[in-house]
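Data block below; observations after.
In this note's numbering, the protein residues as written are 80 to 275.
Here's what the structure looks like:
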């Protein structure tokens, strides 16, 4: 009898964990939302909402992240998956800007342009390092302490680059940097749904 009670007690204590595994929960206590609801909650402007919907619409990418519910419920995904995907998309955007800047540096630039593009490449390295830490370490590991600060560490270098580009006459990188900054802000906004 005592052995049976012990077994029941162990099962009762393990039940919340077993339920979490059964529904595909990755980070305990994090809610699941449809894409539209996550974007509405995270975004304060139509521009950001549209960017959010474009970023998160690829269901197959969300499924690959391992955050999807089991059995599949295509309209509801753990918010952590949205934050990971947004961080990955921001990094892809950063890489495109770095490629463009590297291409410009191979051309004929005056000294001021060259110095500013070189500095931007360094700043993009810092931004990408922070977003890589967010996307590949902190979010997948459900480590949310310090997450807001890490997002800011990614944003500040982008804004520093923007300030440099604004001082150039019609830099083709300015618009790309603005998109990168918005993608970083979107990633941060989705991260805030985790309670950071």
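Note that CB positions come from ideal geometry on N, CA and C, so glycine has one too. Every value quoted in this text rests on a predicted model; they were computed, and no experiment measured them.
query, result
"Assumed close pair residue 169, residue 242 - CB separation to whole angstroms, cut-off 8 Å", "Between residue 242 and residue 169 the Cβ distance is about 19 Å, and since that is not below 8 Å, they are no contact."
"Check whether residue 176 and residue 256 have beta carbons under 8 Å apart", "yes"
"Beta bridge counterpart(s) of residue 229 as assigned by DSSP", "Answer by DSSP bridge pairing: none, since residue 229 is not bridged."
"Helix, strand or coil at residue 158 [DSSP, three-state]", "helix"
"Residues of its chain near residue 266, where Cβ-Cβ distance is below 6 Å and the 5 sequence neighbours each way are ignored", "165, 166 and 169"
"Candidates 232, 196, 121 and 134: closest to residue 178 by CA position", "196"
"Element boundaries [alpha helix (DSSP H), containing residue 192]", "190-212"
"Cutoff 8 Å; reference residue 264; Cβ partners in own chain excluding five residues on either side", "127 and 234"
"Residue of 251, 111 and 183 minimising C-alpha distance to residue 162", "111"
"Contact with chain C by residue 120, beta-carbon distance below 8 Å", "Reference to chain C is not applicable here, since this structure consists of a single protein chain."
"Cβ shell of residue 311 (< 6 Å), same chain only, five flanking positions each side left out", "Since the first and last residues shown for the chain are 80 and 275, residue 311 lies out of range."
"6 Å Cβ shell around residue 232 - same chain, five flanking residues per side excluded", "209"
"Unbroken alpha helix (DSSP H) run spanning residue 248, endpoints", "No alpha helix (DSSP H) contains residue 248, which DSSP labels as neither H nor E."
"Euclidean distance between Cα positions of residue 275 and residue 160", "15 Å"
"Residues bridged to residue 268 [DSSP beta-bridge criterion]", "DSSP lists no partner for residue 268."
"Nearest to residue 249 (by Cα), restricted to the options 157, 192 and 114", "192"
"Exposure of residue 206, with buried meaning 16 or more beta-carbon neighbours within 10 Å", "buried"
"Whole-angstrom distance between residue 154 and residue 272, CA atom to CA atom", "17 Å"
"Rounded Cβ spacing between residue 228 and residue 212 (contact assumed at less than 8 Å)", "The Cβ separation is near 11 Å, so there is no contact."
"Burial state of residue 171, where buried means 16 or more other Cβ atoms lie within 10 Å", "exposed"
"Per-residue DSSP class, three states only, for residue 181", "helix"
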